[in-house]
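*Asks:*
6 protein chains.
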Amino acid sequence: MSAEGMGPSTPLIEYADASPEVRAVYDDIMATRKTDWINNFWKALANDPPTLQRIWSNIKQVMGPGALDPLTKELLYVAVSVTNGCSYCIASHGAAARNKGMTSAQFAEMLAIVGLANETNRLVTGMGVPIDERFR
Amino acid sequence: MSAEGMGPSTPLIEYADASPEVRAVYDDIMATRKTDWINNFWKALANDPPTLQRIWSNIKQVMGPGALDPLTKELLYVAVSVTNGCSYCIASHGAAARNKGMTSAQFAEMLAIVGLANETNRLVTGMGVPIDERFR
Amino acid sequence: MSAEGMGPSTPLIEYADASPEVRAVYDDIMATRKTDWINNFWKALANDPPTLQRIWSNIKQVMGPGALDPLTKELLYVAVSVTNGCSYCIASHGAAARNKGMTSAQFAEMLAIVGLANETNRLVTGMGVPIDERFR
Amino acid sequence: MSAEGMGPSTPLIEYADASPEVRAVYDDIMATRKTDWINNFWKALANDPPTLQRIWSNIKQVMGPGALDPLTKELLYVAVSVTNGCSYCIASHGAAARNKGMTSAQFAEMLAIVGLANETNRLVTGMGVPIDERFR
Amino acid sequence: MSAEGMGPSTPLIEYADASPEVRAVYDDIMATRKTDWINNFWKALANDPPTLQRIWSNIKQVMGPGALDPLTKELLYVAVSVTNGCSYCIASHGAAARNKGMTSAQFAEMLAIVGLANETNRLVTGMGVPIDERFR
Amino acid sequence: MSAEGMGPSTPLIEYADASPEVRAVYDDIMATRKTDWINNFWKALANDPPTLQRIWSNIKQVMGPGALDPLTKELLYVAVSVTNGCSYCIASHGAAARNKGMTSAQFAEMLAIVGLANETNRLVTGMGVPIDERFR
Numbered sequence: 836m837s838a839e840g841m842g843p844s845t846p847l848i849e850y851a852d853a854s855p856e857v858r859a860v861y862d863d864i865m866a867t868r869k870t871d872w873i874n875n876f877w878k879a880l881a882n883d884p885p886t887l888q889r890i891w892s893n894i895k896q897v898m899g900p901g902a903l904d905p906l907t908k909e910l911l912y913v914a915v916s917v918t919n920g921c922s923y924c925i926a927s928h929g930a931a932a933r934n935k936g937m938t939s940a941q942f943a944e945m946l947a948i949v950g951l952a953n954e955t956n957r958l959v960t961g962m963g964v965p966i967d968e969r970f971r
Numbered sequence: 836m837s838a839e840g841m842g843p844s845t846p847l848i849e850y851a852d853a854s855p856e857v858r859a860v861y862d863d864i865m866a867t868r869k870t871d872w873i874n875n876f877w878k879a880l881a882n883d884p885p886t887l888q889r890i891w892s893n894i895k896q897v898m899g900p901g902a903l904d905p906l907t908k909e910l911l912y913v914a915v916s917v918t919n920g921c922s923y924c925i926a927s928h929g930a931a932a933r934n935k936g937m938t939s940a941q942f943a944e945m946l947a948i949v950g951l952a953n954e955t956n957r958l959v960t961g962m963g964v965p966i967d968e969r970f971r
Numbered sequence: 836m837s838a839e840g841m842g843p844s845t846p847l848i849e850y851a852d853a854s855p856e857v858r859a860v861y862d863d864i865m866a867t868r869k870t871d872w873i874n875n876f877w878k879a880l881a882n883d884p885p886t887l888q889r890i891w892s893n894i895k896q897v898m899g900p901g902a903l904d905p906l907t908k909e910l911l912y913v914a915v916s917v918t919n920g921c922s923y924c925i926a927s928h929g930a931a932a933r934n935k936g937m938t939s940a941q942f943a944e945m946l947a948i949v950g951l952a953n954e955t956n957r958l959v960t961g962m963g964v965p966i967d968e969r970f971r
Numbered sequence: 836m837s838a839e840g841m842g843p844s845t846p847l848i849e850y851a852d853a854s855p856e857v858r859a860v861y862d863d864i865m866a867t868r869k870t871d872w873i874n875n876f877w878k879a880l881a882n883d884p885p886t887l888q889r890i891w892s893n894i895k896q897v898m899g900p901g902a903l904d905p906l907t908k909e910l911l912y913v914a915v916s917v918t919n920g921c922s923y924c925i926a927s928h929g930a931a932a933r934n935k936g937m938t939s940a941q942f943a944e945m946l947a948i949v950g951l952a953n954e955t956n957r958l959v960t961g962m963g964v965p966i967d968e969r970f971r
Numbered sequence: 836m837s838a839e840g841m842g843p844s845t846p847l848i849e850y851a852d853a854s855p856e857v858r859a860v861y862d863d864i865m866a867t868r869k870t871d872w873i874n875n876f877w878k879a880l881a882n883d884p885p886t887l888q889r890i891w892s893n894i895k896q897v898m899g900p901g902a903l904d905p906l907t908k909e910l911l912y913v914a915v916s917v918t919n920g921c922s923y924c925i926a927s928h929g930a931a932a933r934n935k936g937m938t939s940a941q942f943a944e945m946l947a948i949v950g951l952a953n954e955t956n957r958l959v960t961g962m963g964v965p966i967d968e969r970f971r
Numbered sequence: 836m837s838a839e840g841m842g843p844s845t846p847l848i849e850y851a852d853a854s855p856e857v858r859a860v861y862d863d864i865m866a867t868r869k870t871d872w873i874n875n876f877w878k879a880l881a882n883d884p885p886t887l888q889r890i891w892s893n894i895k896q897v898m899g900p901g902a903l904d905p906l907t908k909e910l911l912y913v914a915v916s917v918t919n920g921c922s923y924c925i926a927s928h929g930a931a932a933r934n935k936g937m938t939s940a941q942f943a944e945m946l947a948i949v950g951l952a953n954e955t956n957r958l959v960t961g962m963g964v965p966i967d968e969r970f971r
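Residue numbers (the working numbering), protein chains in the order written: chain P, 836 to 971; chain E, 836 to 971; chain F, 836 to 971; chain D, 836 to 971; chain L, 836 to 971; chain C, 836 to 971.
#1: Here's the rule: buried if 16 or more other CB atoms are within 10 angstroms of the residue's CB, otherwise exposed. What is residue 883(P)?
#2: Pairing CB atoms from the region 919-931 of chain C with CB atoms from the region 948-960 of chain C, are three or more of them under 8 Å?
#3: Taking 8 Å as the threshold (beta carbon to beta carbon), is residue 964(D) in contact with chain F?
#4: Measuring only the C-alpha atoms, how far is residue 951(L) from residue 861(P)?
#5: Anything in the region 911-923 of chain C with a Cβ closer than 9 Å to a Cβ of chain L? List those residues in chain order, please.
#6: On the three-state DSSP scale, how would you describe residue 937(C)?
#7: Does the beta carbon of residue 839(D) sit closer than 8 Å to a beta carbon anywhere in chain L?
#8: At the level of alpha carbons, what is the spacing between residue 972(L) and residue 865(L)?
#9: With DSSP as the reference, label residue 893(L) as helix, strand or coil.
#10: Please list, in chain order, the chain C residues whose beta carbon lies closer than 7 Å to that of residue 938(L).
#11: Of all the options 889(E), 910(E), 846(E) and 886(E), which has the alpha carbon lying nearest to the alpha carbon of residue 904(P)?
#12: Please compile the residues from chain E whose C-beta is within a distance smaller than 9 Å of the C-beta of residue 893(F).
#13: Could you have a look at residue 921(C) and say whether DSSP puts it in helix, strand or coil?
#14: Cα-Cα, which of 859(C), 932(C) and 855(C) is closest to residue 906(C)?
#15: For the alpha helix (DSSP H) that contains residue 824(P), what are its first and last residues?
#16: Compare the C-beta of residue 967(E) with all C-beta atoms of chain P and state if any pair is closer than 8 Å.
#17: If you count every other CB in all the chains shown that lies within 10 Å of the CB of residue 836(L), and 16 or more means buried, which is it?
#18: So residue 931(C) contacts chain E; which residues on that side make the cut at Cβ distance below 9 Å?
#19: Helix or strand or just coil, what does DSSP make of residue 884(D)?
#20: Within a Cβ cutoff of 6 Å, which residues of the same chain sit near residue 848(D), ignoring the five residues on either side of it in sequence?
#21: What do you reckon, are the CB atoms on residue 949(L) and residue 915(C) nearer than 8 Å?
#22: What in chain E is Cβ-close to residue 890(P), meaning under 9 Å?
#23: Since residue 897(C) meets chain L, which of its residues come closer than 8 Å, beta carbon to beta carbon?
#24: Between 886(P), 900(P) and 896(P), which lies nearest to residue 894(D) when the distance is taken from Cα to Cα?
#25: State yes or no: is the beta carbon of residue 907(P) nearer than 8 Å to at least one beta carbon in chain E?
#26: Can you tell me whether residue 900(D) is helix, strand or coil according to DSSP?
#27: Thinking residue 897(F) and residue 859(D) are a contact (beta carbons under 8 Å), I'd like their distance in whole angstroms, please.
#28: Using the beta-carbon of each residue, which ones in chain P are nearer than 8 Å to residue 874(E)?
#29: What does a CB cutoff of less than 8 Å around residue 839(F) pick up in its chain, not counting 5 residues either side in sequence?
#30: Three-state secondary structure (DSSP) at residue 905(D)?
#31: Compare the Cα-Cα distances from residue 811(E) to each of 874(P), 856(P), 939(P) and 912(P) and report the closest residue.
#32: What three-state label does DSSP hand residue 847(L) in the structure shown?
#33: By DSSP, does residue 963(P) sit in helix, in strand, or in coil?
Below is the structure:
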């Protein structure tokens, strides 16, 4: 399938207009997440079906059951998105975190850690602190 | 107190050479963390005692008991440090995370999430995906 | 010429309102690009004519004919802009790339590379991978 | 398989010490790239075989034959890595680019574009330039 | 106090609706800055009073009288905010800088430096320039 | 002149080995800075003379006499370099700042601002704070 509309303001492909291969991914997203709708990220990626399939496959593997609990995983996703300044990602993974039980106090604490880590990362870099032997 | 040595390759102030006000912070760090040594970050910050006190006070408040468990908090710290490319911070907070029980599988999963979030943050930005109404 | 209006929401200087030195740059931009309009980036920079001249001179030298073909050069510009999250720059250099023949499939492939590079950059950093002798 | 050694200074797993599943990935990397050695990135990822397989599968799909030529794809990888400050990634993808024919003049031109894009990205952001209607 | 409303689109707490502890911080902000209003950053942080108090305390210490003049301090704040792409921060600290006497020519010169530093940072990184002995 | 050696670990071109056009830039750098040596950044850029000339011309224009004093300009350069994690740039512009009179207390204060700005940039982004009308 072509990716004709893809560009800096990529059109969103609705389920009704999607090809069978795109619908198959949409169906798997909804089944995996036990939801009945698809958010815009996937509708934009659907312009390039191989990328849609690849990214969904990655998300499913990385964000699925593993060594960390589901809420911690979403919090990590939000922490990175805040550091990079991706508002869409903060909104979407923030919503996912709330669905998995995140309280406002947990959001506030995560954000405080993200802010402080961004600060101390620069203090360390600015002072050129050598790594302690005990950390190696 | 002056900060005479401070600069891009800041000297490290050992406990034996520290002023009483710096020693007081060092003592509080060791007591709070139940350890008998001070890592280089604090020894570098000690060149500017008001900043040493301020940053320790922030770390103590933000990383102390709260709404998230101690291991999750360290994982968030590492996730931000990896995103920013601060090797010292990855080493020091990685060590703290292991002290709080982080397994290698948890480290690997955290890192996989950080990598994937950095990827999808850019896909979202490059496509200019609008925030879904349901996320607002 | 003064830069009186310059600030975080810089006014745009239209051709009709521009000084002769600003018009000279605008004319050169339109002649070089074989177009009849000026985009907002230059209209904002025009508040500070020396910077307008300097940046246009840089763009003209760096983005002009050289060792890489014009489309590759625009794709590199977009790749950096996506990594940094500059929406205006993605839009303007994305448009320039399309003018130079970029297909949607090429845009999608560039974006996939940008995403993956942002991911593996962090995996490398998080694991502290040493540079192979063969790469030195 | 466990990922016992994984952490901020991840051990490298040589072919001789690798499990069959890791060797299978190593073999595919060498066959695909028509080379007889494995670089450290993969040896570090091998501590977590599912991630090794996932990332290799992504790289193979994204960096394989497509809409852009192989050298352009490596140049894009280097451009992102320079922007993010990942020295290992600059070295490894810089070597890959040279293997695909990159000249020093092309490297220099790519780097000049990366530098200039990082500059103009900030000028745009600092001035708050609105996106032109024609770019939408 | 709880932080019930905190999340990716945090509600703003007006003075009239604020608890006594939040009002105490608002009062101190207005008194310190000799102004009669509170900007949105603080109204959002007020959802989590301990963070509101902590961040205000930090800002007051770091941005108060010291070794650098007040305008230089605001320019540094803007320079970092431009590099990180935080539009709100550019607007708020840009306004603070103007209140402290920043001219448009100074804004333009600061921005030119920020742009150029972002460029040369990448040239240095891309070429792997070793630090000169004289700089150590 | 060719740029044959240019790549991720670019060779340094000493004055004795430089072409006349490169020596002309080196001479201008030393005369402008009233010094008798050239630092590694320029020796690396010299592999690509047009870029050497272009970047020096930019640095000379932007960092020369203007609306901000020379020390403030170097501090801004360091602030950006710390935020981006460019150790070479922190070392070189930190040295330049000391040559222009920077005290350790000023370095410490600059670094504290950089750290705090990196923190509050993320708090603002994470909470999605809207820009106040008064800042527009």
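The C-beta atom is built at its ideal place from N, Cα and C for all residues, glycine as well.
Since this is a predicted model, take the numbers as computed values, not measurements.
*Replies:* Here's the rundown:
#1: Residue 883(P) comes out buried.
#2: No, the region 919-931 of chain C is not in contact with the region 948-960 of chain C.
#3: Judged by the 8 Å Cβ criterion, residue 964(D) is in contact with chain F.
#4: Looking at the two C-alpha atoms, the distance is approximately 45 Å.
#5: Taking 9 Å as the upper bound on Cβ-Cβ separation, chain L lies near residues 911, 912, 913, 914, 915, 916, 917, 918, 919, 920, 921, 922 and 923 of the region 911-923 of chain C.
#6: Residue 937(C) carries a coil assignment under DSSP once its states are collapsed to helix, strand and coil.
#7: The predicted position of residue 839(D) is uncertain, since its pLDDT is 43 and thus under 50; no value can be drawn from it.
#8: The requested residue 972(L) is not part of the displayed model; chain L covers only 836 to 971.
#9: In the structure shown, residue 893(L) adopts helical secondary structure according to DSSP, grouped into three states.
#10: When 7 Å is used as the limit between beta carbons, residue 938(L) is near these residues of chain C: 902, in chain order.
#11: Among 889(E), 910(E), 846(E) and 886(E), the Cα nearest to that of residue 904(P) belongs to 910(E).
#12: Result: empty, since nearest Cβ-Cβ is about 24 Å, beyond 9 Å.
#13: When secondary structure is reduced to three states using DSSP, residue 921(C) falls in the coil class, being assigned neither helix nor strand.
#14: Closest option to residue 906(C), Cα to Cα, is 932(C).
#15: A query on residue 824(P) cannot be resolved here, the shown segment of chain P reaching from 836 to 971 and no further.
#16: So, interface residue.
#17: Reliability fails at residue 836(L), whose pLDDT of 31 lies under 50, so the model's placement of it is uncertain and the value that follows must be treated cautiously. Exposed, since its Cβ has fewer than 16 Cβ neighbours within 10 Å.
#18: Taking a Cβ-Cβ threshold of 9 Å, none of the residues of chain E is close to residue 931(C); the smallest such distance is about 11 Å.
#19: Residue 884(D) carries a helical assignment under DSSP once its states are collapsed to helix, strand and coil.
#20: The residues are 878 and 881.
#21: In contact: residue 949(L) and residue 915(C) (Cβ atoms closer than 8 Å).
#22: Per Cβ cutoff of 9 Å: 951, 954, 955 and 958.
#23: What residue 897(C) touches in chain L: 944, 947, 948 and 951.
#24: Of the candidates 886(P), 900(P) and 896(P), the one whose C-alpha sits nearest the C-alpha of residue 894(D) is 886(P).
#25: With its beta carbon less than 8 Å from one in chain E, residue 907(P) belongs to the interface.
#26: In the three-state DSSP reduction, residue 900(D) falls in the coil class, being neither helix nor strand.
#27: With 8 Å as the limit, residue 897(F) and residue 859(D) do not qualify as a contact, their Cβ atoms being about 44 Å apart.
#28: Correct list: 967, 969 and 970.
#29: Residue placement at residue 839(F) cannot be trusted, given a pLDDT of 44 that sits under 50; what the coordinates show is reported in the next sentence. Apart from the 5 residues on each side of it in sequence, residue 839(F) sits with its Cβ closer than 8 Å to the Cβ of 882 in its chain, given in chain order.
#30: Three-state result, residue 905(D): helix.
#31: Since the displayed chain E opens at 836 and closes at 971, residue 811(E) lies outside it and no answer follows.
#32: Judged by DSSP in its simplified three-state form, residue 847(L) adopts coil rather than helix or strand.
#33: Here residue 963(P) sits in coil by DSSP.
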